[in-house]
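**Student:**
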Amino acid sequence: MLEIVTIAALSDNYDFLVHDPASGRTALIDAADPAPVLDALSERGWSLDEIWLTHHHWDHIDGAAGIIEATGAKLTGARADQHRLPPLARVVEPGQSFEFAGHEVRVMAADGHTVGHIAYYIESAKALFTADSLMALGCGRLFEGTPEQMWQTLSGFAALPEDTVVYSGHEYTATNARFALTIEPENTALVTRAKAIEAARAEGTPTVPSALSLELATNPFLRAGLAPVKAALGMENAPDAAVFAEIRARKDRF
């Protein structure tokens with residue numbers, strides 16, 4: 001069974017180590033800062049074999065060179081992003097899969113926050129690494145993509161098994177919870193989750209990762225196609241993507 005370690009980096013980023021005890025192989029998802037990654041590896045006595053990048057933003061790639069220099073890890077990233085990523089040893093595209101320590105890693109399209117953003121799904125570990133696409137109680141701001149692209153991305157994630165665990169890229173959950181309550185103030189699951197998030201952050205406990213089942217029950221961006229959400233926005237007959245776009249616009253102004 002794979003072991004997954006959440007690494008806090010910079011002010012609010014998360015990177016993730018995926019370790020296979022049987023083979024000793026380890027991969028890193030995104031590379032914000034070398035120091036916490038190298039510390040986590042040293043503490044566990046692990047070597048690093050691979051780094052999988054999700055998108056080109058500096059806070060997800062700027063640590064890659066230092067980590068590669070220290071470990072010799074090989075870099076994987078999206079073909080569509082190749083021109084703005086560090087040099088890649090392996091280029092992947094959505095719909096492809098590759099093998100890591102006997103586990104299939106599925107590459108999923110995650111356009112919206114950026115164009116060329118990808119996610120990594122390991123079904124055997126029930127793990128989905130989404131970075132800045134689907135986030136805990138939120139989704140990434142649309143810097144490059146369209147609402148339609150992000151809605152398609154989120155719909156693809158929503159179709160995965162509900163016991164999937166979502167490993168997203170930032171500690172934005174408390175703010176996301178406050179916003180979500182403006183959309184569905186009567187959602188009891190959301191109210192309960194918001195209180196739990198407030199308590200966790202007061203103790204300095206990360207709110208990432210999160211269960212996909214919980215995101216489906218509380219995340220307004222995943223719930224844009226539901227009748228109660230459309231009714232709350234006065235958009236009963238609007239297409240799902242249009243409702244998502246309205247929710248995203250409200251979050252941008254929040």
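Note that full-length UniProt numbering has the sequence shown beginning at 1, numbered continuously upward.
A virtual CB, placed ideally from N, CA and C, is assigned to each residue, including glycine.
Alpha carbon to alpha carbon, how far is V191 from L137?
**Tutor:** V191 and L137: Cα-Cα distance of roughly 12 Å.
**Student:** Please state the DSSP three-state secondary structure of N13.
**Tutor:** strand
**Student:** Using DSSP with H/G/I as helix, E/B as strand and the rest coil, what is H60?
**Tutor:** helix
**Student:** Ignore the nearest five residues each way along the sequence and tell me which others in K74's own chain have a CB closer than 6 Å to its CB.
**Tutor:** E50 and A89
**Student:** Could you please give the first and the last residue of the uninterrupted alpha helix (DSSP H) stretch that includes E215?
**Tutor:** L212 to T218
**Student:** Which of the three DSSP states is assigned to S23 in this structure?
**Tutor:** coil
**Student:** Let's see if you can read the secondary structure: which residues bound the alpha helix (DSSP H) around M108?
**Tutor:** Careful: M108 lies outside any alpha helix (DSSP H), inside the beta strand (DSSP E) at H103 to A109.
**Student:** For H113, does the three-state DSSP call read helix, strand or coil?
**Tutor:** coil
**Student:** Can you tell me the Cα-Cα spacing of R84 and H56, whole angstroms?
**Tutor:** The alpha-carbon atoms of R84 and H56 are separated by roughly 6 Å.
**Student:** Would A127 and H117 qualify as a contact pair, given that the criterion is a beta-carbon distance under 9 Å?
**Tutor:** no
**Student:** Pick helix, strand or coil for S133, following the three-state DSSP scheme.
**Tutor:** coil
**Student:** For E43, report the span of its alpha helix (DSSP H) as first-last.
**Tutor:** P34 to R44
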